[in-house]
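Quick notes on the structure that follows.
Given below as structure tokens:
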């Protein structure tokens, strides 16, 4: 019998979603403002924050630049650095 590992408490996509929202809110940005800074559509930012879509490495880099953080801050499992 093959045992499967239990699902992680928080997936990478969930961490990214949570961190995008937290960092955006800390900076006082609306989804629309963040989308403009990262050259995304506002609905895409909304989908990312609601954890309904994936993002590429290039997309993470654009968000990190727009939020003025290191890309690893979007992946952190603890509270994002400010």
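Residue numbers (full-length UniProt numbering): 1 to 82. Every residue gets a Cβ at the ideal spot worked out from N, C-alpha and C, and that includes glycine.
Beta-carbon proximity list for residue i, same chain, < 6 Å, skipping 5 on both sides
i, result
"residue 67", "23"
When the options are compared against residue i, the one with the closest alpha-carbon
i, options, result
"residue 27", "64, 15, 53 and 41", "64"
"residue 51", "4, 2 and 18", "18"
"residue 14", "53, 58 and 69", "53"
Residue interval of the alpha helix (DSSP H) (run including residue i)
i, result
"residue 54", "Residue 54 -> no alpha helix (DSSP H), and no H or E assigned at all."
"residue 29", "Per DSSP, residue 29 belongs to no alpha helix (DSSP H) and is neither H nor E."
7 Å CB neighbourhood of residue i in its chain, flanking five on each side removed
i, result
"residue 20", "48, 49, 63 and 74"
"residue 71", "60, 61 and 64"
"residue 10", "77"
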